[in-house]
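In this note's numbering, the protein residues as written are 101 to 685.
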């Protein structure tokens, strides 16, 4: 379809090297000796293992349960026995381990009972759940769970659904062959996305160096009578980047601060993602295999459909690598990386394996000083200033790198490709990003520890206050109880009439004395003391202590007075002593 296209700034045109692997049809890779299936294969949470060593699994059986909304399940690529659930090296530049399920195939390739879903009759939430349980993620490289991207932004109408078939990276032809051979299922998968997102139009962007794929996709669209537009876009790296393809097809500029393009009414999916989504919806097949390109320093480059978890060295052997092959490059030469170990497994985002050799990728000459020529800035598709970010990254001034929007960098490699000083700029940017992330993690951990400490202090203070309040209430209740008992005892003895205990006798004050302030609480306590003393005196003759039988009358009286004062001392608190200046003369 002819339509007005836009341009994005920058970009480069490296040799495509696609003809080596796109002239043969897709082949099925043989069953490997064992499968090492990493549980973490997408953006988001790490799935939880739900199998153990010794378990027998079927093809498509879930072995890793999704951990949260932004996560996708992982499944057994074939039937066999679980050998272990352990840490193994994953295909990542860091060479770090991750939790993997190791399966020994039994050769039967026996499927589970597959459960398709009618996406038109089912609620969208049920379709999202089905795609998550089938482990459908973006196959273009990012690996974002598809059901998360299919959820439209609230309050923002979906204008364009863009299907990415550009495949701009050199050497990679897996999407090209997928569109040529399975265009009908790709278009059906696009229709599923269309029904869920309800966009105003659907655009399928394919670089113009893939005429067979463009023709196949247009024929499939016409055969299904879908109102999709198949658009040939100019071949320019990195036209396959989501933001660049949006710019070319719609003219919209995606701000670097925007977390999701859905916030501006656009969503982008890879053609491989649409194909796998259709297989999950129409056939109930989880994502257990993918098409990838094997090329580079080999005799027979080709595209294969490969089980997830297949060791890369076994796949490379299918294409007969040359003796001088010294490594495996996962991805393309612009954004790919050398895997740390040839036995690392294929994952959902593995789209290409390139046999590496010095004659194919000559070692770069030594890095030279930056001459500030600006070539990197002119080539940057995001209109950044790579030479400034380079200086600050090298000086470890990471705050300045953030001021120059280093996180807008997609690490496409255009700047490194055109640099006349042969500076590996992308490596510096990756270093700066990793350091910033590490410091952010440390700061977050410190903030969380501080918050936990402050909460503990607050809790201890609250517990102390609650305890003091309870003790005060208990003491007050005990004092009131004792006072009530003493008053009742005095009233029962008849020594002091109950009416007399309610009010203390009035004391005549001098005529010139100031009016005294009456404290009812103190007067009540005073009355209680006097009642207790009266009770002790009344019982003095009736009850004689055993240890005072031989005392004289005066000694017995003194003992009774002491006993009365002791009782009174337990009933009230002593009044504070007034300062000498306030004592009456």
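The beta-carbon is built from N, C-alpha and C at its ideal position, and this holds for glycine as well. Small disclaimer: the values here were computed from a predicted structure and weren't measured.
Original post:
At what residue ranges does the region 188–229 contain a whole run of the beta strand (DSSP E), taking only runs of 3 or more?
Top reply: 197–205
Original post:
What residue does the alpha helix (DSSP H) around residue 373 start on, and which one ends it?
Top reply: 371–383
Original post:
Whole-angstrom Cβ separation of residue 189 and residue 163, contact assumed at under 8 Å?
Top reply: In fact, because the Cβ distance is near 19 Å, the residues do not count as touching under 8 Å.
Original post:
Going by the CB atoms, is the gap between residue 331 and residue 339 shorter than 8 Å?
Top reply: no
Original post:
Assuming residue 296 contacts residue 224 under a Cβ cut-off of 8 Å, what Cβ separation, rounded to an integer in Å, is found between them?
Top reply: 6 Å
Original post:
Quick one: is residue 215 buried, meaning 16 or more other Cβ sit within 10 Å of its Cβ, or exposed?
Top reply: exposed
Original post:
If we ignore side chains and look at the alpha-carbon of each, how far apart do residue 192 and residue 439 end up?
Top reply: 6 Å
Subject >> Beta-ladder partner(s) of residue 690, from DSSP >> reply: Since the first residue shown for the chain is 101 and the last is 685, residue 690 is missing from the structure and cannot be characterised.
Original post:
Would you say the region 357–367 touches the region 116–136, given that touching needs at least three Cβ pairs under 8 Å?
Top reply: no
Original post:
In whole angstroms, what is the alpha-carbon distance linking residue 496 and residue 490?
Top reply: 10 Å
**OP:** Give a yes or no on whether the C-beta atoms belonging to residue 174 and residue 136 are separated by under 8 Å.
**Re:** no
Subject >> Unbroken stretches of the alpha helix (DSSP H), 4 residues or longer, contained in the region 454–497 >> reply: 475–479, 486–494
Subject >> Complete runs of the alpha helix (DSSP H) confined to the region 494–523 [at least 4 residues] >> reply: 498–503, 514–518
Subject >> With 16 other Cβ atoms within 10 Å as the buried cut-off, status of residue 396 >> reply: buried
Original post:
With a CB to CB cut of under 8 Å and the five nearest residues on each side skipped, what residues in its chain are close to residue 333?
Top reply: 105, 266, 305, 306, 307, 308, 339, 345, 348, 349
**OP:** Please report the Cβ distance between residue 371 and residue 275, rounded to the nearest whole angstrom; I am assuming they are in contact, meaning their Cβ atoms lie under 8 Å.
**Re:** 5 Å
Subject >> Segment limits, beta strand (DSSP E) that includes residue 430 >> reply: 427–430
**OP:** Have a look at residue 311 and residue 318 and give me their C-alpha separation to the nearest angstrom.
**Re:** 11 Å
Original post:
How many whole angstroms separate the CB atoms of residue 270 and residue 433, which I take to be in contact at a CB cut-off of 8 Å?
Top reply: 6 Å
Original post:
Using 8 Å as the Cβ pair cut-off and three pairs as the minimum, do the region 549–565 and the region 519–534 touch?
Top reply: no
Original post:
For residue 443, which residues of its own chain have a beta-carbon under 6 Å away from its beta-carbon, when the five flanking residues on both sides are left out?
Top reply: 411, 413
Original post:
Are the Cβ atoms of residue 404 and residue 285 separated by less than 8 Å?
Top reply: no
Subject >> CB-CB length for residue 498 against residue 535, believed under 8 Å >> reply: 6 Å
Subject >> Buried or exposed by the 16-neighbour rule on C-beta atoms within 10 Å, applied to residue 400 >> reply: exposed
Subject >> Helix, strand or coil at residue 162 according to DSSP, with G and I counted as helix >> reply: strand
Subject >> For residue 333, three-class secondary structure by DSSP >> reply: strand
Original post:
Is residue 158 closer than 8 Å to residue 149 when the C-beta atoms are compared?
Top reply: no
**OP:** Alpha carbon to alpha carbon, how far is residue 571 from residue 628? Give it in angstroms, no decimals.
**Re:** 24 Å
Original post:
Roughly how many whole angstroms lie between the Cα atoms of residue 646 and residue 556?
Top reply: Residue placement at residue 646 cannot be trusted, given a pLDDT of 43 that sits under 50; the coordinates are not used to answer.
**OP:** Could you tell me whether the Cβ atoms of residue 184 and residue 153 are closer together than 8 Å?
**Re:** yes
Subject >> Cα-Cα separation, residue 492 to residue 462 >> reply: 29 Å
**OP:** To the nearest angstrom, report how far apart residue 252 and residue 293 are at their CA atoms.
**Re:** 11 Å
Subject >> First through last residue of the beta strand (DSSP E) which encompasses residue 390 >> reply: 389–396
Original post:
Residues bridged to residue 367 by DSSP?
Top reply: 261
Original post:
Residue range of the beta strand (DSSP E) that residue 136 falls in?
Top reply: 135–138
Subject >> Those residues which DSSP pairs with residue 182 across a bridge >> reply: 203
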